[in-house]
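Here the working numbering is used: the first residue of the sequence shown is 945, the next is one more, and so on. Even glycine gets a Cβ: it sits at the ideal position worked out from N, Cα and C.
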Amino acid sequence: MHQCMVGISRFKSGITALLIHDPEICPQGEPGHSMDLEEEEYSEGDDAENNEQVKSKEEGGANSKTKKAAAAMCVGIGSFSDPLEAQGLAHFLEHMLFMGSTEFPDENEYASYLSKHGGSSNAYTEAELTC
(Lines of atoms letter the chains of each structure in order from A and count residues from 1; the text may use other names and numbers.)
(Lines give C-alpha, C1' and ligand atoms only; values in the text may rest on other atoms or scores of the structure.)
Protein backbone atom coordinates (compact mmCIF):
# COMPACT_ATOMS: atom_id res chain seq x y z
CA MET A 1 0.00 0.00 0.00
CA HIS A 2 1.13 3.52 -0.69
CA GLN A 3 -0.31 6.98 -0.42
CA CYS A 4 -1.61 9.33 -3.10
CA MET A 5 -2.09 13.07 -2.79
CA VAL A 6 -5.58 14.34 -3.60
CA GLY A 7 -6.60 17.97 -4.10
CA ILE A 8 -9.48 19.99 -5.52
CA SER A 9 -8.96 23.32 -7.28
CA ARG A 10 -11.73 25.71 -8.30
CA PHE A 11 -10.66 28.20 -10.95
CA LYS A 12 -12.09 31.65 -11.72
CA SER A 13 -13.23 30.32 -15.10
CA GLY A 14 -15.70 28.05 -13.29
CA ILE A 15 -13.73 24.86 -13.85
CA THR A 16 -13.31 22.53 -10.89
CA ALA A 17 -10.40 20.09 -11.10
CA LEU A 18 -9.81 16.99 -8.99
CA LEU A 19 -6.09 16.26 -8.94
CA ILE A 20 -4.72 12.91 -7.84
CA HIS A 21 -0.97 12.39 -7.77
CA ASP A 22 0.68 9.03 -7.24
CA PRO A 23 4.34 9.70 -6.42
CA GLU A 24 5.16 6.06 -7.21
CA ILE A 25 3.72 6.07 -10.76
CA CYS A 26 7.21 6.76 -12.08
CA PRO A 27 9.77 6.55 -9.26
CA GLN A 28 12.90 8.70 -9.43
CA GLY A 29 15.49 7.34 -11.79
CA GLU A 30 13.01 5.76 -14.20
CA PRO A 31 12.74 7.16 -17.73
CA GLY A 32 10.23 9.95 -18.12
CA HIS A 33 10.51 11.24 -14.56
CA SER A 34 11.28 14.93 -14.40
CA MET A 35 11.94 16.98 -11.32
CA ASP A 36 11.22 20.11 -13.39
CA LEU A 37 7.52 19.60 -12.76
CA GLU A 38 6.07 21.92 -10.17
CA GLU A 39 5.54 19.07 -7.71
CA GLU A 40 6.00 21.34 -4.72
CA GLU A 41 3.15 23.52 -6.03
CA TYR A 42 0.82 20.56 -6.51
CA SER A 43 -1.61 21.53 -3.79
CA GLU A 44 -1.58 25.25 -4.42
CA GLY A 45 -2.59 25.93 -8.05
CA ASP A 46 -1.66 29.56 -8.78
CA ASP A 47 -4.93 30.42 -10.54
CA ALA A 48 -7.16 28.58 -8.12
CA GLU A 49 -9.76 30.58 -6.28
CA ASN A 50 -10.66 28.09 -3.55
CA ASN A 51 -8.14 25.32 -3.11
CA GLU A 52 -9.02 22.68 -0.58
CA GLN A 53 -6.30 21.21 1.56
CA VAL A 54 -4.46 18.28 0.01
CA LYS A 55 -5.21 15.01 1.77
CA SER A 56 -3.49 11.67 1.77
CA LYS A 57 -5.46 8.59 0.83
CA GLU A 58 -4.23 5.05 1.10
CA GLU A 59 -4.62 3.04 -2.06
CA GLY A 60 -4.47 -0.68 -2.61
CA GLY A 61 -6.33 -3.62 -4.04
CA ALA A 62 -5.88 -6.50 -6.45
CA ASN A 63 -4.45 -4.33 -9.25
CA SER A 64 -2.55 -1.84 -7.10
CA LYS A 65 0.69 -2.52 -9.02
CA THR A 66 -0.84 -1.42 -12.32
CA LYS A 67 -0.20 2.29 -12.81
CA LYS A 68 -2.85 4.23 -14.70
CA ALA A 69 -3.60 7.82 -15.57
CA ALA A 70 -7.06 9.25 -16.13
CA ALA A 71 -8.73 12.45 -17.24
CA ALA A 72 -12.37 13.43 -17.20
CA MET A 73 -14.37 16.47 -18.14
CA CYS A 74 -18.02 17.29 -17.60
CA VAL A 75 -19.73 20.49 -18.79
CA GLY A 76 -23.05 21.88 -17.61
CA ILE A 77 -24.63 21.78 -21.07
CA GLY A 78 -26.77 18.92 -22.29
CA SER A 79 -29.65 18.15 -24.60
CA PHE A 80 -31.95 20.63 -22.82
CA SER A 81 -29.67 23.40 -24.16
CA ASP A 82 -29.97 22.30 -27.80
CA PRO A 83 -31.47 25.04 -30.01
CA LEU A 84 -34.83 24.12 -31.56
CA GLU A 85 -33.30 24.19 -35.04
CA ALA A 86 -30.41 21.89 -34.01
CA GLN A 87 -31.80 19.20 -31.72
CA GLY A 88 -29.09 16.66 -30.87
CA LEU A 89 -26.30 19.27 -31.05
CA ALA A 90 -24.83 18.47 -27.61
CA HIS A 91 -24.72 14.74 -28.42
CA PHE A 92 -23.20 15.45 -31.84
CA LEU A 93 -20.46 17.63 -30.30
CA GLU A 94 -19.75 14.93 -27.71
CA HIS A 95 -18.99 12.52 -30.58
CA MET A 96 -16.92 15.12 -32.43
CA LEU A 97 -14.48 15.29 -29.51
CA PHE A 98 -13.26 11.81 -30.43
CA MET A 99 -13.23 12.23 -34.23
CA GLY A 100 -9.72 13.61 -34.57
CA SER A 101 -7.18 16.14 -33.37
CA THR A 102 -3.83 17.52 -34.46
CA GLU A 103 -2.00 14.63 -32.81
CA PHE A 104 -4.57 11.96 -33.80
CA PRO A 105 -6.06 13.29 -37.06
CA ASP A 106 -7.82 10.16 -38.33
CA GLU A 107 -11.21 8.93 -37.15
CA ASN A 108 -10.81 6.40 -34.31
CA GLU A 109 -7.03 6.96 -34.19
CA TYR A 110 -7.25 8.21 -30.59
CA ALA A 111 -9.42 5.24 -29.58
CA SER A 112 -6.88 2.89 -31.18
CA TYR A 113 -4.05 4.59 -29.31
CA LEU A 114 -5.88 4.26 -25.99
CA SER A 115 -6.73 0.61 -26.64
CA LYS A 116 -3.15 -0.22 -27.66
CA HIS A 117 -1.93 1.19 -24.34
CA GLY A 118 -4.55 -0.54 -22.17
CA GLY A 119 -6.87 2.47 -21.94
CA SER A 120 -10.39 3.35 -22.95
CA SER A 121 -12.69 6.31 -23.41
CA ASN A 122 -16.35 6.91 -22.78
CA ALA A 123 -18.75 9.82 -23.07
CA TYR A 124 -22.43 10.53 -22.61
CA THR A 125 -24.94 13.35 -22.95
CA GLU A 126 -27.71 13.88 -20.43
CA ALA A 127 -30.40 16.53 -20.20
CA GLU A 128 -28.17 19.06 -18.42
CA LEU A 129 -24.65 17.56 -18.64
CA THR A 130 -22.23 16.30 -21.26
CA CYS A 131 -19.39 14.17 -19.88
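When the Cα atoms are used, Glu1038 and Thr1074 turn out to be separated by approximately 7 Å. For His1061, no beta strand (DSSP E) segment is defined, and its DSSP state is neither H nor E.
Out of Ser1065, Lys1011 and Gly1020, the CA that lies nearest to the CA of Thr960 is found in Gly1020.
Counting only the Cα atoms, His1035 lies some 29 Å from Ile964. Tyr1054 is positioned such that its CB atom lies closer than 8 Å to that of Ser1045. Residue state for Met949 is assigned as strand, using DSSP reduced to three classes. The alpha-carbon of Lys1012 is positioned some 29 Å away from that of Lys956.
Pairing Ala1067 with Leu1041 gives a Cβ-Cβ distance under 8 Å.
Around the CB of Ser1025, fewer than 16 other CB atoms lie within 10 Å, so the residue is classed as exposed. DSSP lists Val950 as the beta-bridge partner residues of Ile964.
Taken through DSSP and simplified to helix, strand or coil, Phe1048 comes out as coil.
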